[in-house]
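Quick note: the sequence shown, position 15, residue 181 per the working numbering, numbers continuous.
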Amino acid sequence: NFIIIYIGIFVMITGQTVRTLAMITCGKHFSHQVMNNKHSQHQLVTNGIYSYLRHPSYFGWFWWSLGTQLVLCNPISLLAYTYASWDFFHGRIAYEETVLVKSYGDKYIQYIN
């Protein structure tokens, strides 16, 4: 069990590190809510961790949440968290992508390609 716990701790730390880097890179532009309307001060962040991952905050949270269940050695919760997190982020990312294309147009399309 200790190996699983250590793997879980590693996964948690890695996930939290990626999520924190996303927040730091975005700075004042980071929000926990999808902004439906682009304000004049909004800018598309494509540098730092965003040059490697399109949604690093979601990526980090996903892996952090799974790591917590590995630490607890709870296979049922691990499966439930995997499903719930995947389902949540699948829908949220699809919605956010639509908003970002609407807000930034070709600039965002170039970024995702």
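From the three backbone atoms N, C-alpha and C, an ideal C-beta is built for every residue, glycine too.
Should V211 and H221 be called a contact, given that it needs their Cβ atoms to be closer than 8 angstroms? The sequence position of residue 211 within the sequence shown is 45, counting from 1. The sequence position of residue 221 within the sequence shown is 55, counting from 1. In this structure, V211 sits away from H221, with a CB-CB distance that is not shorter than 8 angstroms.
Less than 8 angstroms between the CB atoms is what I'm expecting for G181 and W229, so what's the real figure, rounded? For the purposes of this step, residue 181 is taken as the residue at position 15 of the sequence shown. For the purposes of this step, residue 229 is taken as the residue at position 63 of the sequence shown. About 3 angstroms separates the CB atoms of G181 and W229; that is less than 8 angstroms, so the two are in contact.
By a C-beta neighbour count over all protein chains shown, 10 Å radius and 16 as the cutoff for buried, is I215 buried or exposed? The sequence position of residue 215 within the sequence shown is 49, counting from 1. The Cβ neighbour count for I215, taken over all protein chains shown within 10 Å, is at least 16; the residue is labelled buried.
Does Q235 pass the burial test, meaning 16 or more other C-beta atoms within 10 Å, or should it be called exposed? Counting from one through the sequence shown, the residue named residue 235 turns up at place 69. Buried, because 16 or more other Cβ atoms sit within 10 Å of the Cβ of Q235.
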